[in-house]
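**Q** First the structure, which I've put down as structure tokens, then a few questions once you've had a look.
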Amino acid sequence: MRIPIGLLGCGTVGAGVVSLVRRRADRVADMTGLCPVVQQILVRDPHKDRGVHFEHEQLTTSAEDILGDPDIQIVVETIGGIEPARTYILEALTRKKHVVTANKDLIALHGPEILQTAAANGVSILFEASVGGAIPLLGPLQENLTANEVTDLKGIINGTTNFILSKMTEEGLDFDEALALAQELGYAEADPSSDVDGLDAARKLVILASIAFHTEVHLSDVRVEGIRHVTASDVRYADEAGYVIKLLADGRDRNGRLSLSVRPTLIPKSHPLAHVSDAFNALFVRGDAAGDLMFFGRGAGRMPTASAVVGDIIALVRNLKLGVVTSWPYALAGSRKPVVDFEDDLYKFYFRLLAADQPGVFAQVAHLFGELRVSMETVLQKRVAGGQAEIVIVSHEIPGRLAHDLATRLRSMPHIAVEAVMPVEPVNE
Numbered sequence: 001m002r003i004p005i006g007l008l009g010c011g012t013v014g015a016g017v018v019s020l021v022r023r024r025a026d027r028v029a030d031m032t033g034l035c036p037v038v039q040q041i042l043v044r045d046p047h048k049d050r051g052v053h054f055e056h057e058q059l060t061t062s063a064e065d066i067l068g069d070p071d072i073q074i075v076v077e078t079i080g081g082i083e084p085a086r087t088y089i090l091e092a093l094t095r096k097k098h099v100v101t102a103n104k105d106l107i108a109l110h111g112p113e114i115l116q117t118a119a120a121n122g123v124s125i126l127f128e129a130s131v132g133g134a135i136p137l138l139g140p141l142q143e144n145l146t147a148n149e150v151t152d153l154k155g156i157i158n159g160t161t162n163f164i165l166s167k168m169t170e171e172g173l174d175f176d177e178a179l180a181l182a183q184e185l186g187y188a189e190a191d192p193s194s195d196v197d198g199l200d201a202a203r204k205l206v207i208l209a210s211i212a213f214h215t216e217v218h219l220s221d222v223r224v225e226g227i228r229h230v231t232a233s234d235v236r237y238a239d240e241a242g243y244v245i246k247l248l249a250d251g252r253d254r255n256g257r258l259s260l261s262v263r264p265t266l267i268p269k270s271h272p273l274a275h276v277s278d279a280f281n282a283l284f285v286r287g288d289a290a291g292d293l294m295f296f297g298r299g300a301g302r303m304p305t306a307s308a309v310v311g312d313i314i315a316l317v318r319n320l321k322l323g324v325v326t327s328w329p330y331a332l333a334g335s336r337k338p339v340v341d342f343e344d345d346l347y348k349f350y351f352r353l354l355a356a357d358q359p360g361v362f363a364q365v366a367h368l369f370g371e372l373r374v375s376m377e378t379v380l381q382k383r384v385a386g387g388q389a390e391i392v393i394v395s396h397e398i399p400g401r402l403a404h405d406l407a408t409r410l411r412s413m414p415h416i417a418v419e420a421v422m423p424v425e426p427v428n429e
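Right, dumping it as structure tokens:
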């Protein structure tokens with residue numbers, strides 16, 4: 001028996017979905033007795049070369065041809081962005097069609113509305129591809145790890161920034177050089193703001209934290225800082241001190257109180273996340289029963305993302321055979337755990353200061369650290385051009401609020417410029 005699918009959008013990912021559905025249709029039919037077939041595809045230009053040869057699939061420029069077709073039971077959205085994707089998905093759900101999407105922006109910003117609409121109409125919406133590309137993250141969090149109370153999520157979940165920071169680490173490039181290389185190779189968009197300013201990772205963290213911590217999470221709950229200010233000097237000093245710098249998405253649940261952040265972080269070289277390089281992604285999860293787990297793989301790209309989308313399609317086909325609907329109860333209960341300022345958490349901190357290279361300046365810095373009762377774990381001092389010195393200090397664990405106060409006091413001192421302040425992720429907590 002054929003299961004007709006309507007595909008909204010046929011860009012890079014959509015074309016991959018068409019190709020992969022064809023390749024796996026017979027296998028799904030063998031497993032379930034149901035054969036998924038892409039029947040209608042919404043496109044803006046039917047004559048555009050999309051890198052895939054269309055066979056029985058019909059192209060249309062009208063969404064109604066898909067949304068209004070009673071034979072189509074599954075709608076797959078790969079348009080991206082908020083509108084018209086949101087309108088199309090809500091309409092599909094209202095017409096009692098199951099939906100698969102890879103749209104992280106939409107789920108992060110409008111997830112509760114979409115999930116509640118699906119539940120109200122007795123249909124499923126799946127979005128595994130919205131976070132980790134080919135890496136299975138949402139399925140394990142929602143299903144395999146439900147026996148656990150998940151307390152920690154730590155992830156490198158943006159391939160563009162990880163590529164940039166990897167090149168800065170491995171080849172000594174500065175940020176602008178590494179960004180230009182990422183754009184040349186297609187890892188970064190012409191406008192890379194969403195990636196390098198941390199917004200892409202923050203939206204993925206919203207989705208992950210919602211599921212892992214069983215609560216509604218908003219983008220405004222996440223403290224976001226990008227990587228534009230990270231320099232080759234920071235990368236080099238971090239390496240000397242035994243760390244690498246990564247854009248780390250960090251979610252914590254401490255007795256029902258959440259802290260959520262995306263920011264450049266020094267990670268010890270002994271930590272598994274320190275070895276995630278190039279455009280790869282990884283998520284480190286801690287559960288009270290399972291302990292520490294790490295998921296690793298390609299977080300973007302045509303076929304990796306299509307892999308997750310088609311995996312969701314296959315799950316839906318199996319559900320149709322069994323007559324069950326995937327539910328997301330956290331989004332329906334109206335639960336909202338309190339979010340606390342990450343500055344209440346304890347971290348080591350990395351400070352890079354530019355100081356006049358003259359007697360007594362470091363003594364003033366040391367005196368201030370002592371006055372605020374901040375112990376120094378690592379100190380590096382090197383002369384640079386212009387009669388100045390760079391001072392790098394890694395502190396022992398202190399509250400983030402104290403690190404902020406310390407940086408403010410340092411900025412008020414004569415002959416001192418605070419060039420960088422970043423948290424340091426402990427090996428074990």
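If you count the sequence shown from 1, position 104 lands on 104 in the working numbering, and the numbers rise without skipping.
All C-beta atoms, glycine included, are put in the ideal place defined by N, C-alpha and C.
1. Rounding to the nearest angstrom, what Cα-Cα distance links Leu-106 and Thr-215 in this structure?
2. Going by DSSP, name the residue or residues bridged to Cys-10.
3. In the DSSP assignment, find the unbroken alpha helix (DSSP H) run with Leu-441 in it and report its ends.
4. Going by CA-CA distance only, name the one from Leu-109, Asp-292, Asp-152 that's closest to Asn-255.
5. With H, G and I counted as helix, E and B as strand and the rest as coil, what does DSSP make of Leu-332?
6. Just to confirm, does Asp-200 get its C-beta within under 7 Å of one of the non-hydrogen atoms of the ligand MN?
7. Which of helix, strand or coil does DSSP assign to His-98?
8. Would DSSP call Met-168 helix, strand or coil?
9. For Ala-417 versus Leu-368, is the C-beta distance shorter than 8 Å?
10. Between which residues of its own chain and Arg-50 is the CB-CB distance below 7 Å, once the five residues before and five after are set aside?
11. Can you tell me whether Gly-226 is helix, strand or coil according to DSSP?
12. Leaving out the 5 sequence neighbours to the left and right, which residues in its chain are closer than 8 Å to Leu-332 when beta-carbon positions are compared?
13. Sorted by chain position, which residues of the same chain lie with C-beta nearer than 6 Å to Asp-292's C-beta, five sequence neighbours on each side aside?
14. Are Val-52 and Ser-19 close, meaning C-beta to C-beta below 8 Å?
15. Tell me the DSSP bridge mates of Lys-246?
16. Can you have a look at Ala-403 and say buried or exposed, based on whether 16 or more other CB atoms are within 10 angstroms of its CB?
17. Over what stretch of residues does the beta strand (DSSP E) that includes Ile-393 continue unbroken?
18. Is the stretch 169-180 touching the stretch 227-238, taking contact as three or more C-beta pairs under 8 Å?
19. Answer yes if the stretch 139-159 comes into contact with the stretch 205-213, meaning at least three C-beta pairs across the two stretches below 8 Å, and no otherwise.
20. Just curious, the alpha helix (DSSP H) that Thr-117 is in, first and last residue?
21. Which of the three DSSP states, helix, strand or coil, is assigned to Met-422?
**A** By the coordinates alone:
1. Translated into the one-based positions of the sequence shown, residue 106 becomes position 106. Translated into the one-based positions of the sequence shown, residue 215 becomes position 215. Taking the straight line joining both Cα atoms gives about 18 Å.
2. The sequence position of residue 10 within the sequence shown is 10, counting from 1. Paired residues: none, contrary to the question.
3. Nothing can be reported for residue 441, as the shown portion of the chain is limited to 1 through 429.
4. On the sequence shown, position 255 is the one that residue 255 refers to. For Asn-255, the nearest C-alpha among the options comes from Asp-152.
5. Taking the first residue of the sequence shown as 1, we reach residue 332 at position 332. Confidence in Leu-332 is poor, its pLDDT being 49 and thus under 50, which makes the residue's placement unreliable; the coordinate value appears in the next sentence. In this structure, Leu-332 counts as coil in the three-state DSSP scheme.
6. For the ligand MN, the structure offers nothing, since it holds no ligand at all.
7. In the sequence shown, residue 98 corresponds to position 98, counting from 1. Looking at His-98 - three-state DSSP - the assignment turns out to be strand.
8. By 1-based counting over the sequence shown, the position of residue 168 is 168. Helix at Met-168.
9. Within the sequence shown, the letter at position 417 stands for residue 417. Within the sequence shown, the letter at position 368 stands for residue 368. No, these two residues do not count as a Cβ contact at 8 Å.
10. Stepping through the sequence shown from its first residue, residue 50 is reached at position 50. Cβ within range, chain order: Cys-10, Ala-15.
11. The count along the sequence shown starts at 1 and reaches residue 226 at position 226. Three-state result, Gly-226: coil.
12. For the purposes of this step, residue 332 is taken as residue 332 along the sequence shown, with counting starting at 1. Unreliable placement is indicated for Leu-332, whose pLDDT of 49 sits below 50; the coordinate value is still reported in the next sentence. So the qualifying residues of the chain are Leu-115, Gln-116, Ala-119.
13. In the sequence shown, counting from the first residue as 1, residue 292 sits at position 292. Excluding positions up to five away in sequence, the list reads Arg-286.
14. What you label residue 52 is simply residue 52 of the sequence shown in a count that begins at 1. What you label residue 19 is simply residue 19 of the sequence shown in a count that begins at 1. Cβ atoms of Val-52 and Ser-19: closer than 8 Å.
15. Walking along the sequence shown from the start, residue 246 turns up at place 246. Thr-265.
16. Within the sequence shown, residue 403 is the residue found at index 403, counting from 1. With 16 or more Cβ atoms within 10 Å of its Cβ, Ala-403 is classed as buried.
17. Taking the sequence shown and counting its residues from 1, one reaches residue 393 at position 393. Counting along the chain, the beta strand (DSSP E) containing Ile-393 begins and ends at 388-395.
18. yes
19. yes
20. In the sequence shown, residue 117 corresponds to position 117, counting from 1. 104-120 is the span of the alpha helix (DSSP H), which, as asked, contains Thr-117.
21. By 1-based counting over the sequence shown, the position of residue 422 is 422. Strand at Met-422.
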